[in-house]
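Visitor:
2 protein chains.
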Amino acid sequence: MTRKLHLNAFLMGVGHHEAAWRHPRTEPARLTDVRHYQELARIAERGKLDSVFLADGVALHGDFQSGRVRHALRHNALGGLEPLTLLSALAAVTDHIGLIATVSTTYNEPFHVARKFASLDHISGGRAGWNIVTSAGEAEARNFGVVRPSHADRYARATEFLDVVRKLWDSWEDDAILRDRTGGLYADTGKIHAIEHAGEYFAVSGPLNTSRSPQGHPLLVQAGSSEDGKEFAARYAEAVFTAQQTLEEGQEFYADLKRRLAAYGRRHEDVLVLPGISPIIGSTEREALRLEQELEDLIIPAYGLAQLSQMTGIELTEDALDRPLPEVSVETEGAQSRRKLVIDLARREGLTVRQLLGRLAGGRGHRVLAGTPEQIADQLQEWFFAGAADGFNIMPPILPGGLSDFVDHVVPELQVRGLFRYDYEGRTLRENYGLPRPASRYAGARREEVAVAR
Amino acid sequence: MTRKLHLNAFLMGVGHHEAAWRHPRTEPARLTDVRHYQELARIAERGKLDSVFLADGVALHGDFQSGRVRHALRHNALGGLEPLTLLSALAAVTDHIGLIATVSTTYNEPFHVARKFASLDHISGGRAGWNIVTSAGEAEARNFGVVRPSHADRYARATEFLDVVRKLWDSWEDDAILRDRTGGLYADTGKIHAIEHAGEYFAVSGPLNTSRSPQGHPLLVQAGSSEDGKEFAARYAEAVFTAQQTLEEGQEFYADLKRRLAAYGRRHEDVLVLPGISPIIGSTEREALRLEQELEDLIIPAYGLAQLSQMTGIELTEDALDRPLPEVSVETEGAQSRRKLVIDLARREGLTVRQLLGRLAGGRGHRVLAGTPEQIADQLQEWFFAGAADGFNIMPPILPGGLSDFVDHVVPELQVRGLFRYDYEGRTLRENYGLPRPASRYAGARREEVAVAR
Ligand SMILES: Cc1cc2nc3c(=O)[nH]c(=O)nc-3n(C[C@H](O)[C@H](O)[C@H](O)COP(=O)(O)O)c2cc1C
Ligand SMILES: Cc1cc2nc3c(=O)[nH]c(=O)nc-3n(C[C@H](O)[C@H](O)[C@H](O)COP(=O)(O)O)c2cc1C
């Protein structure tokens, strides 16, 4: 079998472009309408994509206590749905597509997270995936009564969190359920295991009270690209979403991540690297560029400036718009890789702040590509063969239009080139991603049952 | 308009009877099959019931470290789905029925809970309800690295938890969203409010990052009947599930709860009291009694004994089966009202432990009623008119059969008697329960915007 691309549709309200909600091809009232997302999932499934993915944060973006941020936020689509509740509703109207939700390890409990994903995996027949994030924002901490933990501390907690969650997913062996009606034995509780985890961050007895799900472990996805983030990904992730602007950076990231795997006893093919790409599609290049321009004309700089100020840690006002980005350090307790990417982009291309805002509005740091379906397929193909990607995280600028354009025009082009499937090969998300189903670590380790009198 | 009954279908795996999974009319393999629950929700909707309800706990029932409990648990159906993920999948295939999920205030964060219910309320078009529990079990605490807080402490936390959640639900005024495309104003952030809650248990800044949902506040349901539980219900609950064995007890509970409302500025009709009932339905009384007997014959006493030992705090062995329940105090840090109910039941009717197990197996302390549709309707009617109930929490012994029997035979009987609706009157769960939609506490309290230079 030749190597094939894997494609994930990153769903985001009515589109990834900051100004999508103002564009005539979107309907912003659908931001909290489940049917909108159901339609998107069905379009992605029609295109045989591997999965849909929902990002998440646990605060309104940015510091709501700041009058400036509050003022700037007025210009952006706000207040969408929570990913896990939404994905169950998408599971109910689809059959094949993977369903990946973002959940933070910083403000959650492993028992709840393990259980909700196991439940979604049952509900979807083995299509659940978890995008593991550590919540880089300061506003998020304030919704949980704490000061934001340091970057290192967040990743240390995430590492132990994953250890606990995976134990809980293993706590029921595959054959623990007997359903012996005549004998009155529903389960063999010798094959259901307390995990008795006691660590630095968590003490969890287990077992889980949801039985082992179709995938054993829902798929693990990760999206932080700092040093700690990459190490975490090498240890646990099976798919990595990443923002890479140039082929060289993409190749470097790809090689770097794959190189780290061996230390955890993992192989090259155990992790898929999926850079983000925002395809602005037209039937001619001119039409694509026109759409790009339409969106750019709808940008309100105050919003982007407030976001950029927050990301870089420097106060940027409208006076700064036509000057280069001021000097700034990459170090932060927030999201390190995002900050570095933005600073590098401005430096490399010598962008003014206004130009930088234009570039970020399209894909928030992800690569934006305007062109015909063939031109876009060319780019995906190039990265795929040049060792920069195992597939892509597709971020349509407007939704649903940008996704149906991709599915109806780019996907067939990729199929004809032999780069993408004509139909689903597997039943589960893991199977479609070509990843193995983990065995329970407790399998065979039968607990010595205490002799029970009665 | 004459007063009508409200009916909630309490869904529980393949039935409420402890031995339901062994009965030939159930399919225990459907315990984690979403289609089973979707079918149940559709049956309830066909019967015009107000809502379906899912119970929950955050541990396998009972102390898994005890060999005895582990051994006993083998006989019971275990390891179902998590309610919130499941209800979204039910929302997707129904249009009218209310969707009530149990979530604990003891091991959760108000921000997450507020957001998930707001999200479910959007997804279902205003049909979400929250059964608020405080997690009485000791095993639950061990999944969150803590010692179980005292009964009083759990209710104190629950009270503040509700204060925070309701503030978060109010944090977006109804008209905060503008969607002014031309002006580029998505929202009026002066109508989105930080809540800045700082209390004994929680510090939460807000606002919520999900916009105000169709019901404003998802419906609040409560099910604890201790002193603290009733006080909590009087303060916050809009529907109360309760287990009452006799008409006199039912009347007393009903009057007691309604009497407490005034202290919180609430009226008699602001809360619906819904006692649980497990109807064992036959087309003749004999057929009903036969079904009851079939189920009783499938009980495995070891399981009930272990549960009863845990509930009462006394070790009960098989030797105790044919003797009366030993003396035991009602005081506990666990679930007080459940314990009291069980002890009272045994005393009042002079039951042996074996007889008590039989009574508990049917409804776990709820009233079990075997009879024809007319006999069951008579009982519901009697309680309804005698001031013991505003409606009922229907707990079918076997599922789906017990629910479809209720919907197809008892519901028409109630309709003919003018006691139950022929069709949904409202769009939302609140409207069907006849309860008002709360206004945002912040409405009108426009935040003084700081002049923003930028
Ligand atoms: C494609 C992509 C999607 C992301 N989605 C989220 C998200 O939904 N929520 C979030 O808190 N962070 C998200 N992030 C950020 C990271 O996951 C990570 O939490 C953050 O960048 C901090 O990690 P780092 O310092 O290792 O980069 C995303 C990043 C990428 C590249
Ligand atoms: C109909 C009914 C359903 C209940 N469902 C749950 C449940 O799903 N989860 C739970 O932890 N407790 C449940 N309970 C128990 C109570 O909600 C409460 O948490 C417990 O009884 C302790 O409160 P108390 O001491 O005030 O009675 C239920 C009780 C009743 C009557």
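Which chain is which? The protein sequence lines are A and B, in order. Every letter in the first sequence is one number past the one before it in the UniProt record's numbering, and letter 32, counting from 1, is 32. Every letter in the second sequence is one number past the one before it in the UniProt record's numbering, and letter 433, counting from 1, is 433. Even glycine gets a Cβ: it sits at the ideal position worked out from N, Cα and C. Nothing here was measured: the structure is a model prediction, and the numbers come from that model.
Please find out if some non-hydrogen atom of ligand 2 comes closer than 7 Å to the beta-carbon of F241 (chain B).
Guide: yes
Visitor: What separation, rounded to the nearest whole angstrom, lies between the Cα atoms of E448 (chain B) and R68 (chain A)?
Guide: With a pLDDT of 48 at E448 (chain B), under the threshold of 50, the modelled position of this residue cannot be trusted; read the value that follows with caution. Straight-line Cα distance between these residues: approximately 13 Å.
Visitor: Quick one: any contact between the segment 276-288 of chain A and the segment 313-331 of chain A, if contact means 3 or more CB pairs under 8 Å?
Guide: no
Visitor: Count the other C-beta atoms from every protein chain shown that fall within 10 angstroms of the C-beta of H268 (chain A), then say buried if there are 16 or more, exposed otherwise.
Guide: exposed
Visitor: What do you reckon, are the CB atoms on G391 (chain B) and L272 (chain B) nearer than 8 Å?
Guide: yes
Visitor: Residues of chain A with a CB under 7 Å from the CB of P207 (chain B): which are they?
Guide: L60, F64
Visitor: Identify each residue in the segment 76-92 of chain A for which the Cβ-Cβ distance to at least one residue of chain B is less than 9 Å, and report them in chain order.
Guide: N76, A77, L78, G79, G80, L81, E82, P83, L84, T85, L86, L87, S88, A89, L90, A91, A92
Visitor: Suppose you measure from the CA of L185 (chain A) to the CA of Y37 (chain B); what does that come to, to the nearest Å?
Guide: 23 Å
Visitor: Is T102 (chain A) helix, strand or coil by DSSP?
Guide: Correct three-state label for T102 (chain A): strand.
Visitor: Express the C-alpha separation of P275 (chain B) and V240 (chain B) in angstroms, rounding to a whole number.
Guide: 8 Å
Visitor: Just to confirm, is the Cβ distance from L298 (chain A) to R74 (chain A) under 8 Å?
Guide: no
Visitor: Leaving out five residues before and five after V411 (chain B) in sequence, what residues of the same chain have Cβ atoms less than 6 Å from its Cβ?
Guide: G47
Visitor: Please classify I123 (chain A) as buried or exposed, where buried requires at least 16 neighbouring CB atoms within 10 angstroms.
Guide: buried
Visitor: Can you tell which of A:L325, A:G145, A:L369, A:K167 has the C-alpha that lies nearest to the C-alpha of I277 (chain A)?
Guide: A:L369
Visitor: Which two residues bound the contiguous beta strand (DSSP E) that contains I314 (chain A)?
Guide: Segment: none, I314 (chain A) is in no beta strand (DSSP E) and carries neither H nor E.
Visitor: Considering only the alpha carbon of each residue, which of A:M12, A:V113, A:W172 lies closest to A158 (chain A)?
Guide: A:V113
Visitor: Does the beta carbon of D188 (chain B) come closer than 8 Å to any beta carbon on chain A?
Guide: yes
Visitor: Under 7 Å from any heavy atom of ligand 2, does the C-beta of H112 (chain A) make it?
Guide: no
Visitor: Give me the DSSP bridge partner(s) of R367 (chain B).
Guide: B:I277
Visitor: Quick check: the Cα distance between G224 (chain B) and F10 (chain B), rounded to an integer number of angstroms?
Guide: Computed Cα separation, rounded: 16 Å.
Visitor: Compute every distance between the C-beta of G224 (chain A) and the non-hydrogen atoms of ligand 1, then say whether any falls below 7 Å.
Guide: yes
Visitor: Using alpha carbons as the reference points, say which of A:G62, A:E45, A:E292 lies closest to E140 (chain A).
Guide: A:G62
Visitor: Indicate the three-state DSSP secondary structure (helix, strand or coil) for A71 (chain B) in the structure shown.
Guide: The identity of residue 71 (chain B) in the sequence shown is His, whereas the question assumes Ala. Reduced to three states, the DSSP call for H71 (chain B) is helix.
Visitor: Rounded to whole angstroms, how far is the Cβ of L54 (chain A) from the Cβ of T102 (chain A), which I believe are closer than 8 Å?
Guide: 6 Å
Visitor: Can you give me the start and stop residues for the alpha helix (DSSP H) that S88 (chain A) sits inside?
Guide: Counted as a single uninterrupted DSSP element, the alpha helix (DSSP H) harbouring S88 (chain A) occupies residues 83-91.
Visitor: Would S119 (chain B) count as contacting chain A if we go by Cβ distances under 8 Å?
Guide: yes
Visitor: Cβ of A288 (chain B) versus every heavy atom of ligand 1: is any distance shorter than 7 Å?
Guide: Checking every heavy atom of ligand 1 against the Cβ of A288 (chain B), none is found closer than 7 Å.
Visitor: With which residues is Q222 (chain B) paired in a DSSP beta bridge?
Guide: B:I132, B:V240
Visitor: Quick one: measure Cβ to Cβ for G57 (chain A) and T210 (chain B), integer angstroms, because I've assumed they're closer than 8 Å.
Guide: About 11 Å separates the two Cβ atoms, so there is no contact after all.
Visitor: If the criterion is Cβ atoms closer than 8 Å, does the pair T85 (chain B) and I398 (chain B) meet it?
Guide: no
Visitor: Between S51 (chain A) and chain B, is any beta-carbon pair separated by less than 8 Å?
Guide: no
Visitor: I'd like to confirm something about D56 (chain B): is its beta-carbon nearer than 7 Å to some heavy atom of ligand 2, or not?
Guide: yes
Visitor: Quick check on F117 (chain B): does DSSP put it in helix, strand or coil?
Guide: helix
Visitor: Name, please, each residue of chain B whose Cβ falls closer than 7 Å to the Cβ of V147 (chain A).
Guide: Close partners of V147 (chain A) in chain B (Cβ separation under 7 Å) are lacking, with about 10 Å as the shortest Cβ gap.
Visitor: Distance cutoff 8 Å, beta carbons only. Does S211 (chain B) sit that close to anything in chain A?
Guide: yes
Visitor: Closer than 8 Å, CB to CB, is V450 (chain B) near chain A or not?
Guide: Model confidence at V450 (chain B) stands at a pLDDT of 35, short of 50, so the residue's coordinates are unreliable; what they give is reported in the following sentence. V450 (chain B) counts as touching chain A.
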